[in-house]
Amino acid sequence: MKPNDLEALTARIGRAHVRQRLGLEGEHEVFVLNRPGAHFFYPENWYSLHGFIRSCLRLVGLYDRAQRNACNIRVRHNALALAKLPAAFAGFRILHLSDLHLDMDPRNAAAITERVRDLRYELCVLTGDFRAKTFGPFDRVVSAMQALRPSLRGPVYAILGNHDTLRLVPELEALEIRVLLNESEQIERDGQRIHLAGIDDAHYYQVHNLEKAAAGIPDDALSILLSHTPEVYRHAAHAGFDVFLCGHTHGGQICLPGGVALTWDARCPRRLAAGPWRYHDMIGYTSVGAGTSVVNARLNCPPEVTLHELQQRPS
């Protein structure tokens with residue numbers, strides 16, 4: 001990261017946030033299996049496990065099919081019925097992309113670009129995990145995002161995931177992708193507004209701050225929160241957010257028939273691991289992601305991009 005970029009980020013999000021994030025990123029190379037105070041098991045960093053999973057898939061004759069599945073990206077449609085939605089935003093569509101892992105396989109990145117090219121929407125959000133690796137160079141991610149960006153319409157907002165580095169922020173914002181780091185933005189349409197907030201990773205780095213993200217959002221305004229992981233759903237609901245969009249889980253990625261996930265790598269109920277859900281008055285959606293992690297394979301859990309349509313609901 002260039003000194004000017006570091007200074008700008010420090011002025012924007014605070015010295016403590018920058019130092020914590022970059023410090024923990026350095027430790028991530030040491031704690032490949034755990035980090036004190038966080039999760040114990042990180043399969044993305046256990047490379048011998050990757051080979052074991054690939055060998056098992058080959059042994060049962062499913063590896064080739066699972067790789068093809070990884071490029072068969074579906075468009076999911078999800079309606080969000082909201083009592084506080086301003087009339088100007090009725091029918092407003094949000095394209096939700098998550099867990100792109102753009103350096104996993106160039107075929108996946110090409111499939112994502114092709115799938116989103118002709119979609120119609122007013123706003124795009126990216127809920128983290130742009131890369132497959134959790135440390136090291138990210139040049140391939142930047143190149144893939146440069147190829148993808150022309151296919152994304154309208155304003156584009158993003159947050160970072162547990163695979164991402166803070167050093168990626170200037171590169172994304174150079175592509176006119178606004179990264180929300182415990183921040184919020186007003187979205188205006190025909191003189192009416194909704195609020196979009198985003199938090200930094202709450203799964204591994206745990207540098208999220210809901211209070212900062214919610215600052216400046218009026219109580220009577222509609223608020224949408226972007227979080228990489230569903231794990232902070234309770235805190236977000238009690239903080240007053242109306243909508244919670246996230247990813248991280250991959251829906252299990254390699255699932256039993258019927259889409260039954262064996263694991264979803266998040267401390268949350270199974271019902272929050274994929275698709276639409278509700279907690280108290282907050283409506284949530286967990287994307288199963290457009291990319292893959294650990295191994296480039298999917299079974300009984302197709303990758304997705306999601307179109308959320310905002311609809312008015314009588315209060």
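Sequential numbering of the sequence shown, starting at 1, is according to the UniProt record's numbering. Where is the CB? At the ideal position from N, CA and C, for every residue including glycine.
For residue j and residue i, the rounded distance between their alpha carbons
i      : j      : result
Leu152 : Asn4   : 28 Å
Gly136 : Asn162 : 14 Å
Ala16  : Gly23  : 10 Å
His195 : Ala70  : 33 Å
Ala297 : Val207 : 30 Å
Pro170 : Leu9   : 9 Å
Arg12  : Trp264 : 33 Å
Val294 : Gly61  : 19 Å
Ser184 : Thr134 : 26 Å
Glu304 : His101 : 13 Å
Ile94  : Arg19  : 33 Å
Gly14  : Glu7   : 10 Å
Leu97  : Leu126 : 5 Å
Phe244 : Ala221 : 15 Å
Gly259 : Asn300 : 5 Å
Arg140 : Ile254 : 25 Å
Asp105 : Arg65  : 15 Å
Glu309 : Val288 : 18 Å
Ser143 : Leu168 : 12 Å
Gln67  : Gln311 : 36 Å
Leu272 : Ile112 : 24 Å
Gly275 : Ala174 : 31 Å
Thr249 : Val116 : 21 Å
Asp99  : Ala266 : 14 Å
Arg270 : Pro150 : 36 Å
Close Cβ partners of residue i (< 8 Å) along its chain, the five nearest in sequence each way excluded
i      : result
Arg313 : Ala81, Leu82, Ala83, Leu85
Gly154 : Tyr121, Glu122, Leu123, Cys124
Lys212 : Asn182, Glu183
Arg21  : Leu166, Asp200, Tyr205, Val207
Ala236 : Leu210, Leu225, Ser227, Phe244, Met282
Gly191 : Ala88
Ile53  : Ile254, Val294, Val295, Ala297
Leu307 : Val75, Arg76, His77, Asn78, Arg93, Ile94, Leu95, His96, Leu119, Tyr121
Arg193 : Pro86, Gln186, Ile187, Ala221
Environment of residue i [buried if 16+ CB atoms lie within 10 Å]
i      : result
Val156 : buried
Ser315 : exposed
Gly198 : buried
Cys56  : exposed
Leu33  : Note on Leu33: pLDDT 49, under 50, position unreliable in the model; the coordinate value appears next. With fewer than 16 other Cβ atoms within 10 Å, it is exposed.
Pro218 : exposed
Glu176 : exposed
Asn72  : exposed
Gly251 : buried
His280 : exposed
Leu59  : exposed
Leu256 : exposed
Leu180 : buried
Asp118 : exposed
Pro230 : buried
CA nearest to the CA of residue i, picked from the options
i      : options                       : result
Ile187 : Gly259, Arg19, Asn296, Phe89  : Phe89
Met145 : Pro137, Phe130, Gly154        : Phe130
Leu172 : Gly191, Glu185, Leu148        : Leu148
Ile159 : Gly240, Ala109, Ala202        : Ala202
Val75  : Gln311, Leu310, Ala290        : Ala290
Arg189 : Phe92, Gln253, Arg58, Gly247  : Phe92
Val232 : Cys268, Arg178, Asp281, Tyr63 : Cys268
Pro302 : Ile53, Ala215, Asn108, Ala79  : Asn108
Ala239 : Cys246, Lys2, Ala214          : Ala214
Thr286 : Asn78, Glu27, Tyr63, Arg117   : Asn78
Residue i Cβ short of 7 Å to the ligand ADP heavy atom set
i      : result
Asp103 : Looking at this structure, you won't find the ligand ADP or any other ligand, since it has none at all.
Simplified DSSP state of residue i, which is helix, strand or coil
i           : result
Leu299      : strand
Gln20       : helix
Gln146      : helix
Glu188      : strand
residue 341 : With the chain covering only 1 through 315, there is no way to say anything about residue 341.
Leu33       : Low confidence applies here, because Leu33 scores a pLDDT of 49, under 50, leaving its location unreliable; read the following figure in that light. Here Leu33 sits in coil by DSSP.
Ala239      : coil
Ser151      : helix
His250      : helix
Ile159      : strand
Leu57       : helix
Sequence-distant residues of its chain with Cβ nearer than 6 Å to residue i (five each side left out)
i      : result
Thr165 : Glu25
Ala110 : none
Gly216 : none
Met1   : Arg167
Neighbourhood of residue i by C-beta, 7 Å cutoff - its chain only, sequence neighbours within 5 removed
i      : result
Arg278 : Gly284
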